[in-house]
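In order, the protein sequence lines correspond to chains A and B. Numbering follows my numbering, with no gaps: position 158 of the first sequence is 160. Numbering follows my numbering, with no gaps: position 441 of the second sequence is 648. In what follows, a single structure is set out as structure tokens and then discussed.
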Amino acid sequence: MDKQLLVIDGAQGEGGGQILRTALSLSILEQRPIRIERIRAGRAKPGLMRQHLTCVKAAAAISAADVRGAEPGSTTLEFVPQALVGGAQHFAIGTAGSAMLVLQTVLPPLLRADGPSRITIEGGTHNMLAPSASFIERCFLPILRRMGAEVELEVERVGLYPAGGGRIVAKIAPSALRPLALDARGERRGIGAEALVAAVPEHVALREITRVADRFKLRREQVSHRDLGTRTGPGNVLSVWAEFDQVCELVTSYGERGVAAETVADRAADALQAWLESEAVVGGHLADQLLLPMAMAGGGTFVCGEPSAHLRSNAELINRFDGARIGIRAEGRHAHRVTAS
Amino acid sequence: MKRQVVFGFIGTQLDATGGGAGRWEKWRPTVSLGMHEDLALDRIELLVDQRRFKALTSQVVADLKTVSPDTAVRVHDLYLADPWDFEQVYSALFDFVRAYTFDAEHEDYYVHITTGTHVVQICWFLLAESRYLPGRLLQASPPRKQKAGDPGSYAIIDLDLARYDPIAQRFANLRADTTEFLKSGIETRSAMFNRMIEQIERVAGKSKSPMLLMGPTGAGKSQLARNVFELKKQRQNLKGRFVEVNCATLRGDGAGSALFGHVRGAFTGAQSDRAGLLKSADGGLLFLDEIGELGLDEQAMLLRAIEDKRFPPLGGDREIESDFQLIAGTNRDLAQSVREGRFRDDLFARLNLWTFYLPGLKERSEDIEPNLDFELARYARNHGEQVRFNREARERFLKFATGIDAQWPGNFRDLGASITRMATLSESGRITTAVVDEEIARLRRLWTGRATDAGEDAIDFSALLGHDGAERLDRFDRAQLAEVVRVCRQCRTLAEAGRVLFQASRERKASSNDGDRLRKYLARFGLEFERCRA
Chain A
3 MDKQLLVIDG AQGEGGGQIL RTALSLSILE QRPIRIERIR AGRAKPGLMR
53 QHLTCVKAAA AISAADVRGA EPGSTTLEFV PQALVGGAQH FAIGTAGSAM
103 LVLQTVLPPL LRADGPSRIT IEGGTHNMLA PSASFIERCF LPILRRMGAE
153 VELEVERVGL YPAGGGRIVA KIAPSALRPL ALDARGERRG IGAEALVAAV
203 PEHVALREIT RVADRFKLRR EQVSHRDLGT RTGPGNVLSV WAEFDQVCEL
253 VTSYGERGVA AETVADRAAD ALQAWLESEA VVGGHLADQL LLPMAMAGGG
303 TFVCGEPSAH LRSNAELINR FDGARIGIRA EGRHAHRVTA S
Chain B
208 MKRQVVFGFI GTQLDATGGG AGRWEKWRPT VSLGMHEDLA LDRIELLVDQ
258 RRFKALTSQV VADLKTVSPD TAVRVHDLYL ADPWDFEQVY SALFDFVRAY
308 TFDAEHEDYY VHITTGTHVV QICWFLLAES RYLPGRLLQA SPPRKQKAGD
358 PGSYAIIDLD LARYDPIAQR FANLRADTTE FLKSGIETRS AMFNRMIEQI
408 ERVAGKSKSP MLLMGPTGAG KSQLARNVFE LKKQRQNLKG RFVEVNCATL
458 RGDGAGSALF GHVRGAFTGA QSDRAGLLKS ADGGLLFLDE IGELGLDEQA
508 MLLRAIEDKR FPPLGGDREI ESDFQLIAGT NRDLAQSVRE GRFRDDLFAR
558 LNLWTFYLPG LKERSEDIEP NLDFELARYA RNHGEQVRFN REARERFLKF
608 ATGIDAQWPG NFRDLGASIT RMATLSESGR ITTAVVDEEI ARLRRLWTGR
658 ATDAGEDAID FSALLGHDGA ERLDRFDRAQ LAEVVRVCRQ CRTLAEAGRV
708 LFQASRERKA SSNDGDRLRK YLARFGLEFE RCRA
């Protein structure tokens, strides 16, 4: 073993799952063995859950890793990558995980693989507890592409929780990432919204987009809706986004039984409005996701709002590896600047 | 990590929520098995009657595949004509489990007990508890508020775990309690007797059929019958009374009347209606001891009463109903009585379903010591006085009581009487060697008398030979000498006694001087003819 084992405290900061995924990605990128201890210590159900295991499995599959402790409830995981294997991979993850979280884990390392990869993931694409496929498509991937990544994502089928049945295909070509500076949003291009319904009456989607259109004074062609049929669902997802020259922010709101369509729409609109009125260039979720690509690029910077505990612990974890350092400092009264160097 | 394997029925109620998308908003126990965040199943073995639930099965299997692609699902077609029929369900599951190849080294097994009828649940439990199915129980529960995607919770119950020992212990205690209870709290050591008590416990708890207790007098039939009644009262919720009758005391005309009752004027002296003992035992338990002594007419009526739960009283034609359970006791060989025509074979067949043989004390000599302690405790209870043996005295008495000499013809009744005597004669609560020696001599006197014709006096060997001489006497010699002494006492002269004793050889002319032969025999014990007659 060339590189020294890195021991990571899985209970530090907040996101147990986020730490795990970032650690797996970095371990593969640096081909460095890791041991994560105290995984999700102090939770009602401590240790690895199935949604985490799906990420571990996928990470192991692209790195021929030796894995120990990959079972439900395990609080220690050892992960020793042996290689970085691109090519075609297929992961079926069921209800327990989010297809997007699996993609988030394997995408960064695969940018450094020897050859192109084609990753098919079956499972949920829009899950309340994970970034949605829409968010990845509209917010994350455009920035990654601008950093030099050759990535295509096709959402073949939307899969809602818990019925699942979604399917995405990601094509990833080996790419060198360049630093990118996101100092300002740039010109506003427009606001849009899309409502998805599955086994839920169409009028729910229509009422949602109508409400969003009212709130932001949008024209009819700026909003849309889709009926996914009864294959997945029941479910209702509303995405509302604001696109700027440099950046896009998208918020997702999920319909619930007993909650009016208008309320679902207002929740999304309120969240987007809050971002619009803030000094942040990059939204909270996007900030989380950009840290690793920035570290891979060896530089770059962005301005965001108040950094979450998630963001801080993620940055700390990245700094324990060999690559670029992430720094976070306050800039102005409500903004923070995140820099990789 | 071992592969995780779950067995379970498809819930034809809970898993059947209809085919629409709305099924995802309802809690389905089987599908939820694949949705728990902390439970990764490698395989689910689904039991279902496919003929009736084919569509449901396909849907559950497909949905499991969606929520948990890594879980293999195997469907077993199990036909149950009546899933509420205990015997049918148990044998179907038993056969299934026996045919299944378990690989406990590489697989952990769970039984999903949330689906299936209650009978199915009970059978699963029994199979897991008896380890025919080497797995743990998995109980799934719905979420407090049903919500799409909420798999609820689950609990794994390992019946082998130490923390369930108290439950198992409670069963064991309960069982021990009842068997101990049947033994009147005596910690019997005889394996044969204890086994029999366990059988009686099982039969008494479940069966309403007659029981037959065989065994010599004093073996404890009556006490056991009373204990069985108490047990049945508890287990079968008997509301009626315990009625005990010794058939030997029912002779002649009064027998039928006592048992079956009579109407006024049925016979001379029948001045009013009488209910009879069978009616008194309605809803309870009738113990007919010495049933072999019952007359043939009464036997016929009893059989009818057992079978029909109704019978006519003497002299009446309006039948009396009485639903009683029956225990019969006997010290006779009833089969022999049947052959001799003294006992009805149909009644014997009816009684001979649950037959238990209560061994006499000689066959249970290891139980003498616990019975001794029991009798002392009983004495203490009854008389408010604690009595104990000296160590030496206790050893001496036990040696005698368990020895080959001790006959105990009245079995445990005799033992109880003996101990009560010693306890009464004890000084300041101590039974000494002197008290024991006296009691041993007393018992020997009693038994010698009984050993021969009951009408004759017992031979007191201690008086004849002194205490030590009597102690040294072999049983073989004792029997012979007792008969010789008895003859001597009936004859006036030595010669007369000699003639009586050696009559057979006299007739064959094999012996001439019978008197001399008798004198020589008596001399071996240091006895003379006159001394024998004293």
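Glycine included, each C-beta is placed from N, C-alpha and C at the ideal position. This structure is a prediction, so every number in the text was calculated from the model and none was measured.
Within-8 Å CB hit, residue i to chain B
i: A:M149; result: no
i: A:G96; result: yes
i: A:V82; result: no
i: A:A201; result: yes
i: A:L31; result: no
i: A:G167; result: yes
i: A:P295; result: no
i: A:L103; result: no
i: A:L240; result: no
i: A:L345; result: A query on residue 345 of chain A cannot be resolved here, the shown segment of chain A reaching from 3 to 343 and no further.
i: A:L22; result: no
i: A:L131; result: no
i: A:L55; result: yes
Closer than 7 Å at the beta carbon, the chain A residues around residue i
i: B:L246; result: P74
i: B:E232; result: P236
i: B:M208; result: E73
Residue i: first and last residue of the uninterrupted alpha helix (DSSP H) it sits in
i: A:V283; result: That residue, A:V283, is in no alpha helix (DSSP H); it is neither H nor E in DSSP.
i: A:M51; result: First-last for A:M51: undefined, no H or E at that position.
i: A:E204; result: E204 to F218
i: A:C250; result: That residue, A:C250, is in no alpha helix (DSSP H); its beta strand (DSSP E) goes C250 to Y256.
i: B:N434; result: K428 to R442
i: B:V304; result: F293 to A306
i: B:Y728; result: D721 to A730
Assumed close pair residue i, residue j - CB separation to whole angstroms, cut-off 8 Å
i: B:V213; j: B:H319; result: 5 Å
i: A:T234; j: A:L162; result: 5 Å
i: A:R42; j: A:L8; result: Their Cβ separation, rounded to whole angstroms, is 19 Å, which puts A:R42 and A:L8 out of contact at 8 Å.
i: B:D489; j: B:S529; result: 4 Å
i: A:V202; j: A:A271; result: Between A:A271 and A:V202 the Cβ distance is about 20 Å, and since that is not below 8 Å, they are no contact.
i: B:R343; j: B:I364; result: 6 Å
i: B:L533; j: B:L493; result: 5 Å
i: A:F304; j: A:L28; result: So it is not a contact: roughly 20 Å between Cβ atoms.
i: B:L501; j: B:L509; result: 7 Å
i: B:S397; j: B:R571; result: 4 Å
i: B:D621; j: B:T395; result: Their Cβ separation, rounded to whole angstroms, is 17 Å, which puts B:D621 and B:T395 out of contact at 8 Å.
Residue-chain proximity (residue i, chain A), Cβ-Cβ < 8 Å
i: B:G356; result: yes
i: B:G447; result: no
i: B:A228; result: yes
i: B:M742; result: The first residue shown for chain B is 208 and the last is 741, placing residue 742 of chain B beyond what the model contains.
Under 9 Å by beta carbon: chain A residues contacting residue i
i: B:S275; result: R52, G96, T97 and A98
Unbroken beta strand (DSSP E) run spanning residue i, endpoints
i: A:N316; result: That residue, A:N316, is in no beta strand (DSSP E); its alpha helix (DSSP H) goes A311 to R322.
i: A:G194; result: R190 to A200
i: B:T273; result: Per DSSP, B:T273 belongs to no beta strand (DSSP E); it is in the alpha helix (DSSP H), Q257 to V274.
i: A:G237; result: G237 to F246
i: B:W331; result: From DSSP, B:W331 is part of no beta strand (DSSP E) but of the alpha helix (DSSP H) over H325 to E336.
i: B:I217; result: Per DSSP, B:I217 belongs to no beta strand (DSSP E) and is neither H nor E.
i: A:C306; result: G302 to C306
i: B:T537; result: Q532 to T537
i: A:I170; result: G168 to A175
Within chain B, partners of residue i - CB distance below 8 Å
i: A:Y256; result: Result: empty, since nearest Cβ-Cβ is about 10 Å, beyond 8 Å.
i: A:K2; result: Since the first residue of chain A shown is 3 and the last is 343, residue 2 of chain A is not available in this structure.
i: A:L143; result: The contacting residues do not exist; A:L143 stays about 26 Å from chain B at best.
Partner residues on chain B for residue i, Cβ-Cβ distance less than 9 Å
i: A:T77; result: Correct list: empty, because the minimum Cβ distance to chain B is about 12 Å.
i: A:T232; result: G227 and A228
Chain-ordered neighbours of residue i on chain B, where CB pairs are closer than 7 Å
i: A:P164; result: W231, M242, V274, A355 and G356
i: A:L278; result: Per Cβ cutoff of 7 Å: no residues; A:L278 is ~31 Å from chain B at best.
Cβ-heavy atom distance, residue i to the ligand ZN, below 7 Å
i: B:G215; result: You won't find the ligand ZN in this model; it holds no ligand whatsoever.
Completely contained alpha helix (DSSP H) runs for the stretch 585-671 of chain B, where each covers 4 or more residues: 598-609, 618-632 and 640-658
In the stretch 66-144 of chain A, which residue ranges form an unbroken beta strand (DSSP E) of at least 3 residues, counting only runs that do not cross its ends? 68-70, 79-82, 89-100 and 119-126
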